[in-house]
Structure formats: structure tokens, C-alpha cells
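K.L.:
I have a structure here, written as C-alpha cells, and I will follow up with some questions on it.
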Amino acid sequence: MTGIINWNELWKTMMSGHKRRGDRGEDPGSMWDKRAKKFNESVMQHTERTERQITKLELKPEYTVLDVGAGIGRLTIPIAKQVKSVTAVDQSKGMLACLQENMEREGITNVTSINKRWEEIELGVDIEPHDVVIACHSLGMPDIQEAIEKMDAASKGYVYIISSAGRWMDGGMEAILGRRGRSWGMMDYIFFCNLLHEMKIYANVNIQDTEYEQHYDSLDEAVDRWKGTRDLPEEKEDALRAYLSGILIEDGGTLLYKRKSKNATIWWQKGDLK
Ligand SMILES: C[S@@+](CC[C@H](N)C(=O)[O-])C[C@H]1O[C@@H](n2cnc3c(N)ncnc32)[C@H](O)[C@@H]1O
């Protein structure tokens with residue numbers, strides 16, 4: 020029984036307007052494979068943002084944690100230092116290769132990685148239930164309700180979804196690239212809250228200030244990266260270039276894109292995990 024809006028159907032409709040790599044016969048992890056090294060260099064510097072996110076999680080030395088869409092291990096690694104073990108699931112081989120390097124550098128040995136899409140994971144076969152399940156900026160599954168139901172079923176204690184709150188892209192960029200997909204509000208916390216409510220999961224929400232930072236070696240690289248988020252028509256490239264050259268900040272030989280925004284930690288508890 021759904022309300023006036025069927026949130027999962029709305030999600031599917033919005034997703035179907037957003038051509039996925041898997042639909043074009045490409046490996047769905049390929050975009051992240053290409054971005055992995057750069058993403059790694061950039062996000063592993065954001066320790067303050069990561070620490071702020073981790074303090075919101077209930078972590079104990081005896082807990083097992085499942086990180087869905089773990090990427091290069093920005094959260095996996097500091098979490099692994101506080102708990103018994105972490106299982107990191109990610110569709111991208113490139114991101115998991117960076118995770119492996121980061122683990123070796125930090126001497127972490129209690130992380131198991133699984134290179135699969137969350138949709139392909141079979142509970143009881145690929146993984147057993149974990150005390151804590153998290154997904155941070157990684158929920159882009161075509162059937163979001165099914166993906167969240169599986170996260171809920173995989174948890175014995177707590178489930179955390181971290182997503183953006185409010186516009187993810189700045190207004191100038193949005194005017195050039197257009198409002199689609201994420202900028203429509205798909206990845207906004209309020210969408211997940213509505214869907215969870217429909218699923219009879221009455222989640223808690225905590226909003227935090229955050230800063231999105233991205234370094235580029237050159238203006239060309241920045242243009243390519245932003246172009247890659249859309250199939251941007253050729254005629255819009257000059258506008259994108261001009262906009263980026265106006266907002267990127269010189270930072271130790273690189274160009275920095277910086278933007279203040281907000282994140283939401285959406286969480287619920289299952290059972291009475293001590
Ligand atoms: C923006 S990164 C976030 C990584 C990490 N959670 C963090 O907060 O730094 C998104 C990651 O989710 C992964 N991902 C997205 N959809 C996925 C899916 N359906 N199954 C497994 N991994 C997925 C991507 O491959 C990528 O590594």
C-alpha cells in the first residue's frame with residue numbers, strides 16, 4: 020500500500036531518464052575504475068569530513084561492519100581501526116585496488132573486499148548479517164527499495180545511509196549542465212526519508228555541514244571531468260570552461276573546486292544490539 024506518491028516508482032522513472040553504463044553494455048563500475056586514482060588522491064585528504072561522519076556511527080570493538088559502495092575505503096579504513104572487521108562491497112575493481120593499497124599503507128588486515136554490485140550480492144551466500152551496515156554516497160541502484168531492503172536484512176543492529184542534503188551542485192554549474200539525476204533531488208536525503216517512511220522504517224536524521232573539494236591538474240582536466248557527468252553538447256563546453264576558470268582556485272600547483280554543502284546521516288536501529 021503506497022501513499023499518493025510511490026517513491027520507488029518515481030526513483031525508477033528518474034533513473035530511466037539517466038542512461039546507465041550497464042544499459043549501454045558497459046561494465047557499471049567502469050566510470051569509477053577510470054576515476055579511482057584521482058578520487059583516491061583527492062578524498063583521502065578529507066580526514067576532517069570523514070571523522071565528522073564517523074563520529075555519528077555506533078561503533079564498538081566487537082562489531083562487524085558492512086560498507087556498501089565502499090570505494091577506496093575513505094570510511095572503511097578508519098572504521099576498521101575501531102571494530103572487529105569490515106566487509107567492503109564495491110562494483111569497481113579500480114576503487115577496490117586503491118582500497119587495497121590504502122589498507123597496506125596503514126597496516127589494516129581486518130577488511131575483506133567483495134567486487135560485486137550490491138544488486139548481485141546474495142545474503143547468506145556472499146555475506147552473513149553484520150552488526151552495522153553503511154552506504155555513503157553510493158546509492159544509485161535502479162531499484163532503490165530493493166537495495167535498501169537488502170541493507171536492512173543484512174544488518175543485525177544499525178543501518179546508516181549518508182547522502183547530500185540540499186543541492187549537490189552549485190547553481191552556476193547546474194545552469195550549464197542542466198538539472199537531471201542527482202541535481203533533481205534523487206540523492207537528496209529527503210527522498211530516502213520519504214521512501215523509508217513508505218517502507219515503515221521511521222529513520223533518524225542528522226544534518227552536518229560539509230565541504231566538497233576536488234583538485235584538478237589543469238583546466239582541461241576539470242572541463243573533462245564535469246563534462247563526463249553528463250553527455251554535454253559541444254556548444255556548451257565554452258560556457259563550462261569559462262565558468263570553471265572563474266571559480267577554480269590555484270592551490271599548490273593544482274586547481275581546486277571547493278563548495279560548502281550539507282550531508283545527512285539517516286539511520287535506524289534494529290533489534291537490541293548491545
Ligand atoms: C562516491 S563513491 C563513495 C565511496 C565511499 N562510500 C565514500 O563515501 O568515500 C561511490 C562508490 O559506490 C560504488 N557503487 C555505486 N553503486 C554501486 C552498486 N550498485 N554496487 C556496488 N558499488 C556501487 C561506486 O563504484 C563507487 O566506488
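Count the sequence shown with the numbering used here and you get residues 20 to 293, in order.
Even for Gly, the Cβ is constructed at its ideal location relative to N, Cα and C.
Consult DSSP for residue 26 and reduce its assignment to one of helix, strand or coil.
P.N.:
Correct three-state label for residue 26: helix.
K.L.:
For residue 202, I'd like the list of residues in its chain whose CB is within less than 6 Å of its CB, leaving aside the five on either flank, ordered along the chain.
P.N.:
Bear in mind that a pLDDT of 44 at residue 202, under 50, signals an unreliable position, so the number given afterwards is only what the model happens to contain. So the list reads 188 and 193, once near-sequence residues are dropped.
K.L.:
Take residue 78 and list the residues in its own chain whose beta-carbon comes closer than 8 Å to its own, dropping the five residues that flank it on each side.
P.N.:
Excluding sequence neighbours, residue 78 sits near 84, 98, 101, 102 and 151.
K.L.:
Let me check you understand the geometry: is the CB of residue 155 closer than 7 Å to at least one non-hydrogen atom of ligand 1?
P.N.:
Yes, ligand 1 has a heavy atom inside 7 Å of this Cβ.
K.L.:
Based on the DSSP output, what are the partners of residue 225 in its beta bridges?
P.N.:
Paired residues: 284.
K.L.:
Three-state secondary structure (DSSP) at residue 129?
P.N.:
Reduced to three states, the DSSP call for residue 129 is coil.
K.L.:
Quick one: which unbroken alpha helix (DSSP H) runs of 4-plus residues sit fully inside the stretch 216-272? Chain order, please.
P.N.:
Counting only runs of 4 or more, we get 238-246 and 256-266.
K.L.:
I need the DSSP call for residue 85, collapsed to helix, strand or coil.
P.N.:
Residue 85: strand per DSSP, three-state reduction.
K.L.:
Which one or two residues does DSSP pair with residue 277 in a beta bridge?
P.N.:
Looking at the DSSP assignment, residue 277 forms a beta bridge with 232.
K.L.:
Determine the direct distance from the alpha carbon of residue 257 to that of residue 264, and round the result to whole angstroms.
P.N.:
Taking the straight line joining both Cα atoms gives about 11 Å.
K.L.:
Between residue 230 and residue 281, which are expected to be in contact by the criterion C-beta below 8 Å, what is the C-beta distance as a whole number of angstroms?
P.N.:
Residue 230 to residue 281, Cβ: 10 Å. No contact.
K.L.:
Can we count residue 261 as close to ligand 1, meaning its CB is less than 7 Å from some heavy atom?
P.N.:
Every heavy atom of ligand 1 is 7 Å or more from the Cβ of residue 261, so no.
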